[in-house]
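J.:
Residue numbers (our numbering), protein chains in the order written: chain X, 35 to 219; chain B, 35 to 219.
1) Could you please give the first and the last residue of the uninterrupted alpha helix (DSSP H) stretch that includes residue 123 of chain X?
2) Please go through the same chain and pick out, in chain order, the residues whose beta-carbon is closer than 6 Å to the beta-carbon of residue 184 of chain B, but skip the five residues on each side of it.
3) Can you tell me the Cα-Cα spacing of residue 289 of chain B and residue 45 of chain B, whole angstroms?
4) Skipping 5 residues on each side, what residues in its chain have a beta carbon closer than 6 Å to that of residue 129 of chain B?
5) For the alpha helix (DSSP H) that residue 154 of chain B lies in, which residues bound it at each end?
6) Inspect the beta-carbon positions of residue 173 of chain B and residue 164 of chain B and report whether they are closer than 8 Å.
7) Under the three-state reduction of DSSP, which class applies to residue 35 of chain X: helix, strand or coil?
8) Could you check whether residue 50 of chain X and residue 122 of chain B sit closer than 8 Å to each other, using their CB atoms as the reference points?
9) So, is residue 66 of chain B buried or exposed, given that buried needs 16 or more other C-beta atoms within 10 angstroms?
10) So, residue 192 of chain X versus residue 139 of chain B, is the Cβ gap smaller than 8 Å?
11) By the three-class DSSP mapping on this structure, what secondary structure does residue 102 of chain B have?
12) Please confirm whether residue 183 of chain X has its beta-carbon closer than 8 Å to some beta-carbon of chain B.
13) Check distances from the C-beta atoms of the segment 110-127 of chain X to those of chain B and list, in chain order, the residues that come in under 8 Å.
14) Taking the alpha helix (DSSP H) that residue 182 of chain X falls in, what are its first and last residues?
15) Might you give, ordered along the chain, the residues of its own chain that have their beta carbon closer than 6 Å to the beta carbon of residue 98 of chain B, omitting 5 neighbours on each side?
16) Which residues, taken in chain order from the segment 91-108 of chain B, show a beta carbon closer than 9 Å to some beta carbon of chain X?
17) Going by the beta-carbon positions, is the gap between residue 210 of chain B and residue 206 of chain X smaller than 8 Å?
18) Checking 8 Å against the spacing of the C-beta atoms, do residue 91 of chain B and residue 155 of chain B come in under that value?
19) Starting from the beta carbon of residue 195 of chain X, find every residue of chain B whose beta carbon is closer than 7 Å, and list them in chain order.
20) Check whether the Cβ atoms of residue 197 of chain X and residue 119 of chain X lie closer than 8 Å to each other.
21) Locate the alpha helix (DSSP H) running through residue 68 of chain B, then write down its first and last residues.
22) Could you work out which residues of chain X lie near residue 199 of chain B, taking near to mean beta carbons separated by less than 7 Å?
23) Under three-state DSSP, which class holds residue 88 of chain B?
24) Would residue 204 of chain X and residue 125 of chain X be called neighbours here (beta carbons separated by less than 8 Å)?
25) Counting only C-beta atoms, is residue 202 of chain B closer than 8 Å to chain X at any point?
26) Can you tell me the Cβ-Cβ gap for residue 133 of chain X and residue 79 of chain X, rounded? I've got them flagged as a contact below 8 Å.
27) Using a Cβ-Cβ cut-off of less than 9 Å, list which residues of the segment 57-74 of chain B approach chain X; keep chain order.
28) With 16 other CB atoms within 10 Å as the buried threshold, where does residue 186 of chain X fall?
29) Step through the CB atoms of chain X and report whether any lies within less than 8 Å of the CB of residue 49 of chain B.
30) Taking the straight line between their C-alpha atoms, what separation do you get for residue 77 of chain B and residue 143 of chain B?
31) Going along chain X, which residues have a C-beta under 7 Å from residue 210 of chain B?
32) Smallest Cα separation from residue 208 of chain B: which of B/152, B/111 and B/136?
33) Is the shortest distance between the beta-carbon of residue 175 of chain B and the beta-carbons of chain X less than 8 Å?
34) Taking 8 Å as the CB-CB cut-off, is residue 136 of chain X touching chain B?
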């Protein structure tokens, strides 16, 4: 039910998705919805942000372990992102952004779920930058800039119906990452 | 009416805003809504994206004319953005992103309005980079990365309830802009 909700929120937004849509897409019974989510739609929204965010965290972690450098990580992730986005014909964006923009800061539960996801994502990026010798004071800002760039690029790509904004943003961020170490530029 | 709609969409999303809310916030009569917007809510959505996007374009243009460099432009714009966001207690994000994420690519009218706005924004950035001697092949990707970074950072700032993601992303982008010219790093 949580995955069905996450998919619908990603395509059509949180407000635009009714409990009825979630039940229809998941095949679950109405009673089980209220049993598992006594907090109703807001609780499903928070659970969907957590579940979808965790899946991205796992992907980040796997790619970070495979990568030779932060720029190599970004290229690998960008390739995945472009493949997913093109397979969905630019309908599936970030599984958490739309919901967060509609509900933050109004919903405390969904806002808290979003913050925890961004903490996890930043944590993976920060560890990767630290492992590759980035100076401590530049790690957090660079991790944030990577996540912000990817989120913004995904939005631009959906609106444009093209992967080019993702490729362009990744290219610019890789220039920053490749040239980012003191003495390496 | 268009401005009232843009403000509501920015805070609570497109689907979460009813025509009734727009009428109440604008003080307009229902008849005038259908007179000016025979296409109903979708037409108001497209008009709100166009109007709010144009205001940002004008701000970009003014700051670009005042700025000594692309990094100087980005610092000036970031200061404005942080002031607006803090004044709204992190409720007002980008006036067009939420609506676009909820309706793209489903609504052709709103998608087209969004593309035109991003073309305008990119145009200002590209002219600024060209004026400061950026090589032709790096202009479009860098302009896209700046817009993507700002959009993503604005979203992160709302979720975090802090301006730090905007400051961090701007700092990283300024490092890219300051070090971005061949021979200047």
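All C-beta atoms in this analysis are idealised placements derived from N, C-alpha and C, irrespective of residue type, glycine included.
T.: Taking the geometry as given:
1) As a first step, residue 123 of chain X is located in the first chain; it is residue number 89 there, counting from the start. Counting along the chain, residue 123 of chain X falls outside any alpha helix (DSSP H), and DSSP gives it neither H nor E.
2) Taking the second chain and counting its residues from 1, one reaches residue 184 of chain B at position 150. Cβ neighbours of residue 184 of chain B beyond the five flanking positions: none.
3) This structure leaves residue 289 of chain B out entirely; chain B is present only between 35 and 219.
4) The count along the second chain starts at 1 and reaches residue 129 of chain B at position 95. So the qualifying residues of the chain are 40, 44 and 86.
5) Along the second chain, read from residue 1 onward, the residue named residue 154 of chain B stands at position 120. Unbroken alpha helix (DSSP H) run through residue 154 of chain B: 142-165.
6) Locating residue 173 of chain B in the second chain gives position 139, where the first residue counts as 1. Locating residue 164 of chain B in the second chain gives position 130, where the first residue counts as 1. Yes, the pair counts as a contact, with Cβ atoms nearer than the cut-off.
7) Within the first chain, numbered from 1, the residue matching residue 35 of chain X stands at position 1. Note: residue 35 of chain X maps to coil in three-state DSSP.
8) Walking along the second chain from the start, residue 122 of chain B turns up at place 88. Walking along the first chain from the start, residue 50 of chain X turns up at place 16. Not closer than 8 Å, so no.
9) Along the second chain, read from residue 1 onward, the residue named residue 66 of chain B stands at position 32. Looking at its Cβ environment, which holds fewer than 16 other Cβ atoms inside 10 Å, residue 66 of chain B is exposed.
10) In the first chain, the residue the question calls residue 192 of chain X occupies position 158. In the second chain, the residue the question calls residue 139 of chain B occupies position 105. A contact, by the Cβ cut-off of 8 Å.
11) The residue you call residue 102 of chain B lines up with position 68 of the second chain. Residue state, collapsed to three classes: coil.
12) Taking the first residue of the first chain as position 1, residue 183 of chain X is located at position 149. Answer yes: the Cβ-Cβ gap between residue 183 of chain X and chain B drops below 8 Å somewhere.
13) 123, 124, 125 and 127
14) One-based indexing of the first chain puts residue 182 of chain X at position 148. That run of the alpha helix (DSSP H) goes 170-194.
15) Start at 1 with the first residue of the second chain, and residue 98 of chain B comes out as number 64. Once the five neighbours on either side are set aside, the close Cβ partners of residue 98 of chain B are 107, 158 and 162.
16) none
17) If you number the second chain from 1, residue 210 of chain B lands on position 176. If you number the first chain from 1, residue 206 of chain X lands on position 172. Yes, they are a contact pair.
18) Position 57 of the second chain, counting from 1, holds the residue named residue 91 of chain B. Position 121 of the second chain, counting from 1, holds the residue named residue 155 of chain B. Contact flag set, yes.
19) One-based indexing of the first chain puts residue 195 of chain X at position 161. 139, listed in chain order.
20) As a position in the first chain, residue 197 of chain X is number 163, starting the count at 1. As a position in the first chain, residue 119 of chain X is number 85, starting the count at 1. Yes, the Cβ-Cβ distance between residue 197 of chain X and residue 119 of chain X is below 8 Å.
21) Position 34 of the second chain, counted from the start, is the residue given in the question as residue 68 of chain B. It spans 64-70 - the alpha helix (DSSP H) in which residue 68 of chain B sits, taken as one unbroken run.
22) As a working mapping, residue 199 of chain B is identified with position 165 in the second chain. Under the 7 Å cutoff, chain X gives 178 and 182.
23) Indexing the second chain from 1 puts residue 88 of chain B at position 54. DSSP places residue 88 of chain B in helix when its eight states are reduced to three.
24) Residue 204 of chain X sits at position 170 when you count from the first residue of the first chain. Residue 125 of chain X sits at position 91 when you count from the first residue of the first chain. Cβ atoms of residue 204 of chain X and residue 125 of chain X: not closer than 8 Å.
25) Residue 202 of chain B sits at position 168 when you count from the first residue of the second chain. It does; some Cβ of chain X falls within 8 Å.
26) Taking the first chain and counting its residues from 1, the one referred to as residue 133 of chain X is at position 99. Taking the first chain and counting its residues from 1, the one referred to as residue 79 of chain X is at position 45. Their Cβ separation, rounded to whole angstroms, is 6 Å, which keeps residue 133 of chain X and residue 79 of chain X in contact under 8 Å.
27) none
28) Taking the first chain and counting its residues from 1, the one referred to as residue 186 of chain X is at position 152. Classification for residue 186 of chain X: buried.
29) Reading the second chain from its first residue, position 15 is the one you call residue 49 of chain B. Yes, because at least one Cβ of chain X sits closer than 8 Å to the Cβ of residue 49 of chain B.
30) Numbered from 1 along the second chain, position 43 holds the residue referred to as residue 77 of chain B. Numbered from 1 along the second chain, position 109 holds the residue referred to as residue 143 of chain B. Roughly 7 Å separates the two Cα atoms.
31) Along the second chain, one-based indexing puts residue 210 of chain B at 176. In chain order: 206, 209 and 210.
32) On the second chain, position 174 is the one that residue 208 of chain B refers to. Taking only the C-alpha atoms, the option nearest residue 208 of chain B is B/111.
33) Position 141 of the second chain, counted from the start, is the residue given in the question as residue 175 of chain B. Chain X, which has a Cβ nearer than 8 Å to the Cβ of residue 175 of chain B, makes this yes.
34) Residue mapping note: residue 136 of chain X aligns to position 102 of the first chain, counting from 1. Interface residue, yes.
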